[in-house]
Amino acid sequence: MAFTPDIAAIRFGEGLAPEIAAPASVEGVLDQLRGADLAAKEFPITPLSDLYGTFAKVSTLQKAARRGRKGPDAQELSKAYKQARRELNLHLEGALAPLLSRSITTEQPFRERLTRFWADHFTVVGKNNLTRNAVPSYIEETIRPHITGRFSDLLKAVMTSPMMLDYLDQNSSVGPNSRGAKGRRGLNENLARELLELHTLGVGGAYAQGDVRQLAELLTGMTTEISRGFVFRPKIVEPGAETVLGQSYGGGPPAVEDVMAFLDDVALHPDTVRHISRKLAVHFTSDRPDEGMIADMADAYAATGGELMAVYEAMLHHPFAWSSFGQKVKQPVDFIVSAMRVLEVPPTSLRQFNRSKRRAYVTGPMTAMGQQWFRPAGPDGWPEEAEAWVTPQGLAARIQWAMAAPSAIFRSLPDPRSFVVAALGDVADEKVTFAARAAETRREGVGLILASPAFQRR
Amino acid sequence: MADALTRRRFLLRATALGCSAAASPLMTPMTFAQAPGENRLVVIILRGAMDGLDAVRPIGDPLLRQYRPGLGMSLESAATELDGFFALHPALAELMPLWKQGDLAVAHAVSTPYRDKRSHFDGQDLLEAGTGADVDGAQARDGWLNRMLQVLPGAGSETAFAIGRSEMKLMSGRAPVSSWSPDGRLDMSPQARLLLEEIYHDDPLFHDTSMDALAIAESLGLASDDSFGMSSRDMRAAVKAANAAGDASVLASFAARRLNEEARIAAFSLGGWDTHRAQTRGITRALGNLKDAILTLQSELGPRWEKTAVVAVTEFGRTARENGTRGTDHGTGGAMILGGGAIRGGRVYGDWPGLEEAALYARRDLMPTSDVRSYIAWLMHGLYGLDKTTLGTVVFPGLHLADDPGLLA
Chain A
1 MAFTPDIAAI RFGEGLAPEI AAPASVEGVL DQLRGADLAA KEFPITPLSD LYGTFAKVST
61 LQKAARRGRK GPDAQELSKA YKQARRELNL HLEGALAPLL SRSITTEQPF RERLTRFWAD
121 HFTVVGKNNL TRNAVPSYIE ETIRPHITGR FSDLLKAVMT SPMMLDYLDQ NSSVGPNSRG
181 AKGRRGLNEN LARELLELHT LGVGGAYAQG DVRQLAELLT GMTTEISRGF VFRPKIVEPG
241 AETVLGQSYG GGPPAVEDVM AFLDDVALHP DTVRHISRKL AVHFTSDRPD EGMIADMADA
301 YAATGGELMA VYEAMLHHPF AWSSFGQKVK QPVDFIVSAM RVLEVPPTSL RQFNRSKRRA
361 YVTGPMTAMG QQWFRPAGPD GWPEEAEAWV TPQGLAARIQ WAMAAPSAIF RSLPDPRSFV
421 VAALGDVADE KVTFAARAAE TRREGVGLIL ASPAFQRR
Chain B
459 MADALTRRRF LLRATALGCS AAASPLMTPM TFAQAPGENR LVVIILRGAM DGLDAVRPIG
519 DPLLRQYRPG LGMSLESAAT ELDGFFALHP ALAELMPLWK QGDLAVAHAV STPYRDKRSH
579 FDGQDLLEAG TGADVDGAQA RDGWLNRMLQ VLPGAGSETA FAIGRSEMKL MSGRAPVSSW
639 SPDGRLDMSP QARLLLEEIY HDDPLFHDTS MDALAIAESL GLASDDSFGM SSRDMRAAVK
699 AANAAGDASV LASFAARRLN EEARIAAFSL GGWDTHRAQT RGITRALGNL KDAILTLQSE
759 LGPRWEKTAV VAVTEFGRTA RENGTRGTDH GTGGAMILGG GAIRGGRVYG DWPGLEEAAL
819 YARRDLMPTS DVRSYIAWLM HGLYGLDKTT LGTVVFPGLH LADDPGLLA
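Same order as they appear, the protein sequences are chains A and B. Once you know that position 209 of the first sequence is 209 in the numbering used here, the rest is easy, because the numbers rise by one and skip nothing. If you count the second sequence from 1, you need to add 458 to reach the numbering used here.
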């Protein structure tokens, strides 16, 4: 297989759409990243920092309710808190509509795919009642603006995001010999370990437990405050210099620049270069990617100091990016958005989905397919291998959705004989085309096309 | 020729989970293999590294309270005291009747051969591969529970069930197994089925997996040939089932129902063990789930509980000392919980290494003194009559079985 516009739209986009032209060339795919981010503008999602005020308000109301729970105003206070929390959650859950609408209508679908890739690489889960639905806001503020920039800038944005600092417990880690520890509080290794293992070097990278410990000390002071976001607290910084991966950092007065210097260095570490290149290759091309392609990507990374555009270019210009077509299976979210894209689910319908419809048509089925919306089990995010998704129970859930959701969302469905062309373009095979003709109802015809390997794979 | 083809397909499918050799349910009636005896084994993987020192506390060692002043170790433990030295975490108090009747045991200071890098994901891969540390867990082709099935006489595709939505690598491999989530359904008209089979025909992964899905859904009565399938109202009802499907008691209940039928082996996962911060809250919840799972199995297995062994294992333990945030970080040695009427319970197995700093692994973690695989191998020996050589070469390659701890009643 070589480049075709349809393959480009399926592999590096959100799939085909009846009214949207597939990219005409490899450069056409890359051009999607070069202009302004159109979908983000058209379907806005609140960036996290715009929520700090609301977070502070809800949290104040919660405290008041807790303090006054035995007083005369207990009921009123509790009601005020619950009302504010409900409003916040309804607002945040509403991000589902713009998220899906972007994927369904965008002419820059590679942006959506890369945003999801990096959001998964830097997985966070909202752990408290304020942030439990705030992950799209984290992605909007911290991930999305950096997907075409330098890896080090993305890394620094994530490591100063309240969501990451809270998720991996950095918020509460304190230098044991700092003034702020008062002999009681101390280190938490969680973020330091995952930063090396997942975010940069990779588990096979050249680090040991001593590096984890030293990095945990170096990271002290990186905290957040509910109403302000990132706050560097010199008082809890572990005194003295730390040696991480053979390099010494800090030693002077506590300074966030010491942490930034480390992040700059680790972003260019050969193990990081390799790990990031391989991970992109695995996500976009194959569970067993071509070593030559990874080497090209790593070279581009090293030559440009981690400019991600150069890495994407190297990937897309390598023949393996196209010859390996079909080796990846779409994750549930990719399956659902690509189905909605070719079915042309209108953004207005999505906006009108209430909570029960969102759950019935999107998040519930995704959970059954093995992907609970923004709640992966651990900081390693979602699995890549086809075998992790195509299990009897996971595949059954995909088939159920394919057969049921389109007719639940639309009163009338397209003719399967034309839908097979719209959905699969030049990757349609004889068997799917036959099934589209032979199905007894439109509903099953559309369902079979969406459940087919030709649609499930990319 | 046909043989060669079958063999090739067999190998191609070897890495996929749930690749049963069951023929198409449309062509042949589902056949049930003769079950390998009456004994049952349930494996629960505790993902995220359970703190063995909190779940089963060595309260007889004063260092425990010194190391963990903020983790509630000095709370009254009379109600959950086991043997004068160890006590269960209070969240497991409801398991005390099992302990007293000899249906609950602990193996302490255990680990897999995984050392030093303390990654959950590598740790779990090695735990499920069941190999030595010299084999990269992620590269391992199959899991130990599947390799046991490969040598278990009379095992068929319904003998073993992987339950839930998360991947269960310990069951993946060449032997046919079933894999399903309690909320799963598959509704299609006969015509749609035929067409689907046709569409999947040339894609081994989709073909084999869909055949398994159909066979399992049918045999469990979770398939209908309703050509209208689910309405939007049905889709809403399905959400409820999907939301509950991850609960410990729902997983355990599904397991018990399978084990009351043809299945003899079941495995599922419970999460929530990665207690870096505010451990008291987190582990109480996670242990509560484990307790629910065990008690659900006991009540729903009925008389079959007597022939059942439940093993709860985790990828590694956690630091002996609490960290700076009232939690614990990734460690090495931990605990394994054993339950069931088949278990010779009421005792804590293993050599206790002590908590003095010099006795800790890397002066930080509980020192593992035995290999979880060795205990599991002895269980398999007792439950299924597998010999030591097979266990040490096929099921757990390279494992040197320690002396028989006598785990079975």
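We put the CB at the ideal spot given by N, CA and C, even for glycine. All figures in this text were calculated on a predicted structure; none of them were measured in a lab.
Listed in chain order, the non-local C-beta contacts of Ile-7(A) below 6 Å within the same chain comprise Phe-325, local neighbours out to five positions each way being set aside. Ranked by Cα distance from Pro-18(A), the options Leu-424(A), Ile-294(A), Gly-306(A), Ala-408(A) are led by Leu-424(A). Contiguous alpha helix (DSSP H) elements confined to the region 222 to 284 of chain A occur at 256 to 267, 270 to 284, taking only those with 4 or more residues. Ala-724(B): member of the beta strand (DSSP E) spanning 723 to 728, first to last residue. Residue contact with chain B for Arg-185(A): present (Cβ-Cβ distance below 8 Å to some residue of chain B). Within the same chain, Cβ atoms closer than 7 Å to the Cβ of Pro-416(A) are found at Ala-436, Ala-439, Arg-442, Gly-445, Val-446, Ile-449, the five residues on either side in sequence being excluded. Contact between Leu-553(B) and Ile-752(B) holds, with the beta-carbon distance rounding to 6 Å and staying under 8 Å. Look at Pro-453(A): its C-beta is under 8 Å from a C-beta on chain B. For the pair Lys-127(A) and Asn-133(A), the Cα-to-Cα distance works out to about 9 Å.
Met-794(B) is bridged by DSSP to Ala-565(B). The DSSP-derived three-state label of Ser-356(A) is helix.
In this structure, Pro-494(B) is the residue among Pro-494(B), Asp-519(B), His-788(B), Ala-703(B) with its C-alpha nearest to the C-alpha of Ala-613(B). Under a criterion of Cβ atoms nearer than 7 Å, the residues of chain B adjacent to Arg-359(A) are, in order, Val-697. Around Gly-740(B), the same chain offers Gly-730, Thr-733 as residues with beta carbons nearer than 7 Å, after the five sequence neighbours per side are excluded.
Within the model, the alpha-carbon separation for Ser-727(B) versus Thr-772(B) is close to 10 Å. About 38 Å separates the beta carbons of Leu-198(A) and Pro-346(A), which is beyond the 8 Å limit, so they are not a contact pair.
For Gln-649(B), the C-beta contacts it makes with chain A under 8 Å involve Ala-438, Ala-439, Glu-440, Glu-444, in order along the chain.
The three-state reading of DSSP puts Ile-45(A) in coil, since its state is none of H, G, I, E or B. The Cβ of Pro-254(A) sits no closer than 8 Å to any Cβ of chain B.
In this structure, DSSP gives Tyr-807(B) an extended state, which the three-state scheme calls strand. Beta bridge pairing from DSSP links Tyr-819(B) with Asp-823(B).
In this structure, Leu-717(B) sits near Leu-759(B), with a CB-CB distance shorter than 8 Å. Considering only beta carbons, the part of the region 373 to 390 of chain A lying closer than 8 Å to chain B consists of Ala-377, Gly-378, Asp-380, Pro-383, Ala-386, Glu-387, Ala-388, Val-390, in chain order. Sequence-ordered contacts of the region 624 to 658 of chain B with chain A read Ser-624, Glu-625, Ser-630, Ser-636, Ser-637, Trp-638, Ser-639, Asp-641, Gly-642, Arg-643, Leu-644, Asp-645, Met-646, Ser-647, Gln-649, Ala-650, Leu-653, Leu-654, Glu-656, Ile-657, Tyr-658 [C-beta pairs closer than 8 Å]. At a cut-off of 8 Å between beta carbons, Met-693(B) contacts chain A.
For Leu-644(B), the secondary structure class from DSSP, reduced to helix, strand or coil, is strand.
When the Cα atoms are used, Asp-580(B) and Ala-587(B) turn out to be separated by approximately 10 Å. Straight-line measurement puts the Cα of Ser-630(B) at about 9 Å from the Cα of Arg-605(B). Counted as a single uninterrupted DSSP element, the alpha helix (DSSP H) harbouring Phe-434(A) occupies residues 430 to 438.
The DSSP assignment places complete alpha helix (DSSP H) segments of no fewer than 4 residues inside the region 663 to 729 of chain B at 690 to 702, 706 to 717, in order along the chain. Within the same chain, Cβ atoms closer than 7 Å to the Cβ of Thr-224(A) are found at Pro-162, Leu-165, Asp-166, Asn-171, Phe-230, Val-231, the five residues on either side in sequence being excluded.
In this structure Gly-785(B) is in contact with Asn-188(A), their Cβ atoms being roughly 7 Å apart against a cut-off of 8 Å.
Ranked by Cα distance from Ala-267(A), the options Thr-106(A), Pro-136(A), Ala-300(A), Arg-150(A) are led by Arg-150(A).
Here Arg-776(B) is bridged, per DSSP, to His-788(B). Annotation for Lys-235(A): Ser-178, Arg-179, Gly-180 place their beta carbon closer than 7 Å to its own, counting only its chain and skipping 5 residues before and after.
Going by beta carbons, Met-369(A) and Arg-341(A) fall outside the 8 Å limit.
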